[in-house]
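Please read the structure below before turning to the comments.
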Amino acid sequence: MKSKFSILFKLLILQHLSVLCFSQEFDFFYFVQQWPGAYCDTKHSCCYPKTGKPAADFGIHGLWPNYKDGSWPSNCDPDSVFDKSQISDLIRSMEKDWPSLSCPSSNGLRFWSHEWEKHGTCSESELDHREYFETALKLKQKVNLLKVLKDAGIEPDDGFYSLESIKNAIKEGTGFAPGIECNKDSGHNNQLYQVYLCVDTSGSQLIECPLLPRSRCGDGDIQFPKF
Numbered sequence: 000m001k002s003k004f005s006i007l008f009k010l011l012i013l014q015h016l017s018v019l020c021f022s023q024e025f026d027f028f029y030f031v032q033q034w035p036g037a038y039c040d041t042k043h044s045c046c047y048p049k050t051g052k053p054a055a056d057f058g059i060h061g062l063w064p065n066y067k068d069g070s071w072p073s074n075c076d077p078d079s080v081f082d083k084s085q086i087s088d089l090i091r092s093m094e095k096d097w098p099s100l101s102c103p104s105s106n107g108l109r110f111w112s113h114e115w116e117k118h119g120t121c122s123e124s125e126l127d128h129r130e131y132f133e134t135a136l137k138l139k140q141k142v143n144l145l146k147v148l149k150d151a152g153i154e155p156d157d158g159f160y161s162l163e164s165i166k167n168a169i170k171e172g173t174g175f176a177p178g179i180e181c182n183k184d185s186g187h188n189n190q191l192y193q194v195y196l197c198v199d200t201s202g203s204q205l206i207e208c209p210l211l212p213r214s215r216c217g218d219g220d221i222q223f224p225k226f
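If you're matching positions, the sequence shown starts at 0 in numbering that gives the first Met the number 0 and goes up one per residue.
What follows is the structure in C-alpha cells.
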C-alpha cells in the first residue's frame, strides 16, 4: 500500500511540474515585423507564397514571449501542435499579414506551425491557440509601420536613412522606442530588416521594452530596399 501511494504521489508531483512547465510565466512579448524587401535581397533569396507576391508592406514574423533578463522560453508544450481548424477564419488575414517568404514556396502552414510550437506554446498561460494568432493580427493592424515611416519621409526606395531617424519616426508614430534589426544585401549594405516592439503579457498593449535586441546595423546609414 505504501509503495502504491508513493508511486501515485510521485506521479501527481510530475504532473504538477509538467503543467507548470507548459504554462510558465513570462515578462513581455516581442512583436516582430519584417520588411520583405530586406528578407529577399540577400544571398539566400526568397520564394513567394503560393498565393502570389505579398504586398509591399511589413509582415508579421512572430509574437515571442521573453524574460526581462534577455532569455526566453521556447517549445514549452510538445503536446500542443498547430491546428489549422482552430484558425480557419483567420487564414486569409494571415496570408496577407503573416506571409512566409522561405523556400520552397508554401501556403504558410509550416511557418505558422513553427511560430506556434516554438513561441505560442509558451504563451498559453495568457493566450490559447486561436487567441495567439488573432492577437498578432490585431497588433499588426494597430502598428502600421510602413505608414509611420512614410509619414516621416522614409520610403522603401532603396534610399539610405540614419538609424536614429528610423527609430525616432517609429517612436513618434507608436509612442514607444523600437528595436531595429538589420541584415546585409549582396553588396554588404546594411538594410532595415526587422522591427521589434514590446507588448504586455496579455498581448493587448504596447509597452516600453525592458530590453532591446542588438541591431547589427553598424555605424552608417541603412538602406530601406524596394520590394
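Cβ atoms here follow ideal geometry from the backbone N, Cα and C, with glycine treated the same way.
These figures come from a predicted structure and were not determined experimentally.
Per DSSP, the continuous alpha helix (DSSP H) segment holding residue 131 begins and ends at 128-141. Assigned with DSSP and collapsed to three states, residue 63 falls in strand.
Beta-carbon to beta-carbon, residue 113 and residue 63 are separated by about 12 angstroms, too far to satisfy the 8 angstroms threshold. In the DSSP annotation of this structure, the continuous segment of the alpha helix (DSSP H) that includes residue 167 starts and ends at 162-173. In the displayed model, residue 80 falls within coil according to three-state DSSP, outside both helix and strand.
Beta-bridge pairing by DSSP links residue 191 to 181.
For residue 110, the uninterrupted alpha helix (DSSP H) run begins and ends at 108-117, by DSSP.
In the structure shown, residue 47 adopts coil according to DSSP, grouped into three states.
Under the 10 Å beta carbon count, residue 208 is surrounded by 16 or more other beta carbons and is classified as buried. Take the alpha-carbon of residue 83 and the one of residue 219: they are about 43 angstroms apart. With respect to the 8 angstroms criterion, residue 193 and residue 33 are classified as neighbours on the basis of their beta carbons. In the structure shown, the three-state DSSP call for residue 86 is helix. The beta carbon of residue 225 sits closer than 6 angstroms to those of 36, 155 and 157, all from its chain and outside the five residues before and after it, given in chain order.
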